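In terms of numbering that gives the first Met the number 0, the sequence shown opens at residue 0 and continues consecutively. Each remark here refers to the structure printed beneath this line.
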Amino acid sequence: MTDWLRSASTTGPTAASPRNARQVAFRVLQSYRVRRVFVGRLLDEQFGRLPSPQQSAAEWRLASELAFGIVRRKSTLNALIERHLTRPRHQVESDAWTLLQIGVYQLVFFSSVPAHAAVHETVELAKWLGKSRWSGFINGVLRAVQRDVTDETTNEPAADAVPLNGPGFRRLLRPAFPDPHADPVGYFVAAFSFPPWLARRWYARFGSSELFQLGTWFNTPPAICLRPNRLRTTREELLQRLGSRVSPEPPEFVVSEPADRSPAPPLDSVHDVLWLTEHVRIPDLPGYDEGLFVVQDPTAMEAVRLLAPEPGQTILDLCAAPGTKTVLLAEQMQNQGRILATDVDERRLDRVRENSRRLGVEIVETRRVAPDGHDIPAGPFDAVLVDVPCSNTGVLGKRPEARWRIQPRDLEELAAVQRKLLAIALARVRPGGRVVYCTCSIEPEENENVVQAVLRRVPGVRLETMRFHHPGRPSDGGYQALLIREDSTT
Numbered sequence: 000m001t002d003w004l005r006s007a008s009t010t011g012p013t014a015a016s017p018r019n020a021r022q023v024a025f026r027v028l029q030s031y032r033v034r035r036v037f038v039g040r041l042l043d044e045q046f047g048r049l050p051s052p053q054q055s056a057a058e059w060r061l062a063s064e065l066a067f068g069i070v071r072r073k074s075t076l077n078a079l080i081e082r083h084l085t086r087p088r089h090q091v092e093s094d095a096w097t098l099l100q101i102g103v104y105q106l107v108f109f110s111s112v113p114a115h116a117a118v119h120e121t122v123e124l125a126k127w128l129g130k131s132r133w134s135g136f137i138n139g140v141l142r143a144v145q146r147d148v149t150d151e152t153t154n155e156p157a158a159d160a161v162p163l164n165g166p167g168f169r170r171l172l173r174p175a176f177p178d179p180h181a182d183p184v185g186y187f188v189a190a191f192s193f194p195p196w197l198a199r200r201w202y203a204r205f206g207s208s209e210l211f212q213l214g215t216w217f218n219t220p221p222a223i224c225l226r227p228n229r230l231r232t233t234r235e236e237l238l239q240r241l242g243s244r245v246s247p248e249p250p251e252f253v254v255s256e257p258a259d260r261s262p263a264p265p266l267d268s269v270h271d272v273l274w275l276t277e278h279v280r281i282p283d284l285p286g287y288d289e290g291l292f293v294v295q296d297p298t299a300m301e302a303v304r305l306l307a308p309e310p311g312q313t314i315l316d317l318c319a320a321p322g323t324k325t326v327l328l329a330e331q332m333q334n335q336g337r338i339l340a341t342d343v344d345e346r347r348l349d350r351v352r353e354n355s356r357r358l359g360v361e362i363v364e365t366r367r368v369a370p371d372g373h374d375i376p377a378g379p380f381d382a383v384l385v386d387v388p389c390s391n392t393g394v395l396g397k398r399p400e401a402r403w404r405i406q407p408r409d410l411e412e413l414a415a416v417q418r419k420l421l422a423i424a425l426a427r428v429r430p431g432g433r434v435v436y437c438t439c440s441i442e443p444e445e446n447e448n449v450v451q452a453v454l455r456r457v458p459g460v461r462l463e464t465m466r467f468h469h470p471g472r473p474s475d476g477g478y479q480a481l482l483i484r485e486d487s488t489t
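Here it is in structure tokens:
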């Protein structure tokens, strides 16, 4: 047995700097493997190291699709690679494995890249890394995968069908996954690329049809919404400014309601945003530096709409960073009143301040607070928005790392924090005041269970309404509850 694949990884300061999108994607994936930080942050870091002529929109799209897509679909890719290996996987060095993932991702999901180009460019990546001796191995595995992938598509899941990044499946010459009818959980784990515990959980809750719909939605490159900053422009003016880069209509692909929920009310905020029609770096868009818009999903906007802040009020925004809801609060208040935005991380509060400055918001005061919340001002506040830390299971398409980061035990640990934060919010709102509790999770332990537990412990609070936002209608998943502190005179 040879050991040439187990040579030292090229990760030190002398490693070759990226010169194109595929090299950027490799460095992002290599760094993510070690640092486990947000892929978007790593992408910004690495893309910024490209020579200026290479920092084009096309290179950005390619680098980001590879980086986000490979993290998102790693189990799919691994299943397709492993059956063509002639040696155990543990004998393949991590960097070589990443190169194989880059190549297979292009072979399966990039219809615009010819197969021969996908193979050739991946072999060139190995040479760029100074690993020319990997070339034959990588070429052989990728050619084997290439022969296995057909041009035929189908609308039904099958053991020989790879779920695409959107509706539909691509046929293989032979089965690569468990049978979706006999073993829907196993198929979901391998073909859609999700952790087993989450697959089992969602299957028990939703059934196989809804499970596969969720997988399709979360593997579809997410639609990005731009919310016009009405302190400076209108939706119509922004649409005219951005032209063909945006659409006033949401994407066509919409997931149906799950069986265990009554239909949610229509998302009014869908009509307040513009939808990007191409994948671009947001700061490169016209109007960004002028503060004409902010990236925000309609589901997140609904939390602020539910709180219904008014001009002149004093609002507490708990867990405010990065501040997209904070600045919408200010917009709803017509930049009149006071918003106290708190967070436990000063660096994250920098984002709140940056967003406020860029968008012309003048009524936000930021404050770093202790994790236990003991130093949050007592108020009383007219209203409180408590956007708690959560598992992110409603936004797994936009946060590809989250599906691999969250563990079953985290749900109860998060719920304990969430209950405490909601109790703090209720203690700081005036009689007759409003509190909105919100998450970007679709798990009951973090949503209705938290609210009901706090209501049992805190007297004098009325649950006014709850909203369940299912992923893909056509925006993010999440949960919101409006609670009213009863007037002490009643």
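We put the beta carbon where it would ideally sit given N, CA and C, even for glycine. The structure displayed is predicted, hence computed values, not measured ones.
For THR233, the residue or residues it bridges with in DSSP: For the purposes of this step, residue 233 is identified with residue 234 of the sequence shown, where counting begins at 1. Paired residue(s): none; THR233 is not in a bridge.
Inter-residue spacing [alpha-carbon to alpha-carbon] between SER16 and TRP133: Reading the sequence shown from its first residue, position 17 is the one you call residue 16. Reading the sequence shown from its first residue, position 134 is the one you call residue 133. C-alpha separation (whole angstroms): 19 Å.
For ILE137: DSSP bridge partner residues: Numbered from its first residue, the sequence shown carries residue 137 at position 138. Answer is none; ILE137 lacks a bridge partner.
ALA307 beta carbon near the ligand ADP (any heavy atom closer than 6 Å): Only the bare structure without any ligand can be found here, which leaves the ligand ADP out of the picture.
Within 7 Å, strictly: CB atoms of LEU315 and PHE380: Start at 1 with the first residue of the sequence shown, and residue 315 comes out as number 316. Start at 1 with the first residue of the sequence shown, and residue 380 comes out as number 381. Contact flag set, yes.
Cβ neighbours of ASP342 in the same chain (closer than 8 Å, five flanking residues each side left out): Counting from one through the sequence shown, the residue named residue 342 turns up at place 343. Within the same chain, ASP342 has close Cβ partners CYS318, ALA319, ALA320, LEU348, VAL351, THR365, ARG367 and VAL368.
Residue interval of the beta strand (DSSP E) (run including ARG226): Walking along the sequence shown from the start, residue 226 turns up at place 227. 224–227 is the extent of the beta strand (DSSP E) around ARG226.
Straight-line Cα distance separating VAL385 from PRO458: Here the question's residue 458 lines up with position 459 in the sequence shown. Here the question's residue 385 lines up with position 386 in the sequence shown. Distance between the alpha carbons of PRO458 and VAL385: 19 Å.
ALA117 to GLY102 span [Cα, whole Å]: Stepping through the sequence shown from its first residue, residue 117 is reached at position 118. Stepping through the sequence shown from its first residue, residue 102 is reached at position 103. Their backbone Cα atoms lie some 6 Å apart in a straight line.
GLN212: first and last residue of the uninterrupted alpha helix (DSSP H) it sits in: In the sequence shown, the residue the question calls residue 212 occupies position 213. Element bounds for GLN212: 207–218.
Status (buried if at least 16 other CB within 10 Å, exposed otherwise) for GLU235: Numbered from its first residue, the sequence shown carries residue 235 at position 236. GLU235 should be labelled exposed.
Residues that SER474 bridges to, as DSSP identifies them: Here the question's residue 474 lines up with position 475 in the sequence shown. Answer is none; SER474 lacks a bridge partner.
Nearest-angstrom Cα separation, counted from ARG244 out to LEU237: Counting from one through the sequence shown, the residue named residue 237 turns up at place 238. Counting from one through the sequence shown, the residue named residue 244 turns up at place 245. Approximately 11 Å, taken between the alpha carbons.
Segments of 4+ residues assigned as alpha helix (DSSP H) that fall wholly inside the region 102–187: 114–127, 134–147 and 183–186
Local Cβ density within 10 Å of GLN451, reported as buried at 16 or more and exposed below that: Stepping through the sequence shown from its first residue, residue 451 is reached at position 452. Label assigned to GLN451: exposed.
Burial state of PRO247 (16 or more Cβ within 10 Å): One-based indexing of the sequence shown puts residue 247 at position 248. Flag for PRO247 reads exposed.
Own chain, CB closer than 8 Å to PRO50, minus 5 neighbours either side, in chain order: Here residue 50 refers to the residue found at position 51 when the sequence shown is read from its first residue. The answer, listed in chain order, is ARG18.
Which listed residue (GLN331, GLN105, HIS468 and VAL303) has its alpha carbon closest to that of PHE67: In the sequence shown, counting from the first residue as 1, residue 67 sits at position 68. With distances taken between Cα atoms, PHE67 lies closest to GLN105.
At least 3 beta-carbon pairs within less than 8 Å: the region 429–438 vs the region 475–486: yes
Minimum C-alpha distance to ALA157 - residue among ALA143, ASN164, ASP178 and ASP147: If you number the sequence shown from 1, residue 157 lands on position 158. Residue ASP178 is the option with its Cα nearest to ALA157.
Buried versus exposed call for HIS373 [16 or more other C-beta atoms within 10 Å across all chains shown]: Counted from its first residue, the sequence shown places residue 373 at position 374. HIS373 comes out exposed.
Exposure of GLU151, with buried meaning 16 or more beta-carbon neighbours within 10 Å: Along the sequence shown, read from residue 1 onward, the residue named residue 151 stands at position 152. Per the 10 Å Cβ criterion, exposed.
Which of helix, strand or coil DSSP assigns to THR464: Position 465 of the sequence shown, counted from the start, is the residue given in the question as residue 464. THR464 falls in the strand class under three-state DSSP.
Whether PRO166 touches LYS397 by CB criterion (7 Å): Taking the first residue of the sequence shown as 1, we reach residue 166 at position 167. Taking the first residue of the sequence shown as 1, we reach residue 397 at position 398. Their beta carbons are not under 7 Å apart, which means PRO166 does not touch LYS397 by this criterion.
Nearest-angstrom Cβ-Cβ length linking GLN417 and VAL383, presumed shorter than 8 Å: Here residue 417 corresponds to residue number 418 of the sequence shown, with the count starting at 1. Here residue 383 corresponds to residue number 384 of the sequence shown, with the count starting at 1. At roughly 14 Å, the Cβ-Cβ gap does not stay under 8 Å, so GLN417 and VAL383 are not in contact.
Cβ neighbours of THR505 in the same chain (closer than 7 Å, five flanking residues each side left out): Here the chain comprises residues numbered 0 to 489, so residue 505 is not present and cannot be evaluated.
Ordered list of beta strand (DSSP E) runs contained in the region 316–398, each at least 3 residues: 337–342, 363–367 and 380–386
Residue span of the beta strand (DSSP E) that contains LEU420, given as start and end: On the sequence shown, residue 420 is found 421 positions in, with the first residue counted as 1. Taken as a continuous stretch (DSSP letters only), LEU420 belongs to no beta strand (DSSP E), being part of the alpha helix (DSSP H) at 407–426.
GLN333 versus LEU273 - alpha carbon distance: Translated into the one-based positions of the sequence shown, residue 333 becomes position 334. Translated into the one-based positions of the sequence shown, residue 273 becomes position 274. Taking the straight line joining both Cα atoms gives about 21 Å.
Cβ-Cβ separation, HIS270 to SER63 (assumed contact under 8 Å), whole Å: Position 64 of the sequence shown holds residue 63. Position 271 of the sequence shown holds residue 270. With a Cβ gap of about 28 Å, SER63 and HIS270 do not count as contacting.
Pairwise C-alpha distance: ARG404 and GLU209: Residue numbering aside, residue 209 sits at position 210 when the sequence shown is read from its first letter. Residue numbering aside, residue 404 sits at position 405 when the sequence shown is read from its first letter. Roughly 23 Å between the two C-alpha positions.
Spatially closest choice to ALA143 from TRP127, ASN164 and LEU171, by CA coordinates: The sequence position of residue 143 within the sequence shown is 144, counting from 1. Of the listed residues, the one whose Cα sits closest to ALA143 is LEU171.
SER55 in three-state terms, based on DSSP: By one-based count along the sequence shown, residue 55 stands at place 56. Note: SER55 maps to coil in three-state DSSP.
Alpha-carbon spacing of ARG408 relative to GLU289, whole angstroms: Position 409 of the sequence shown, counted from the first residue, corresponds to residue 408. Position 290 of the sequence shown, counted from the first residue, corresponds to residue 289. The alpha-carbon atoms of ARG408 and GLU289 are separated by roughly 44 Å.
Nearest candidate by alpha-carbon position, reference TRP201, set THR464, VAL453, VAL460 and GLU442: As a first step, residue 201 is located in the sequence shown; it is residue number 202 there, counting from the start. Ranking THR464, VAL453, VAL460 and GLU442 by Cα distance to TRP201 puts GLU442 first.
Buried or exposed (CB count within 10 angstroms, at least 16 for buried), GLN212: Here the question's residue 212 lines up with position 213 in the sequence shown. Buried.
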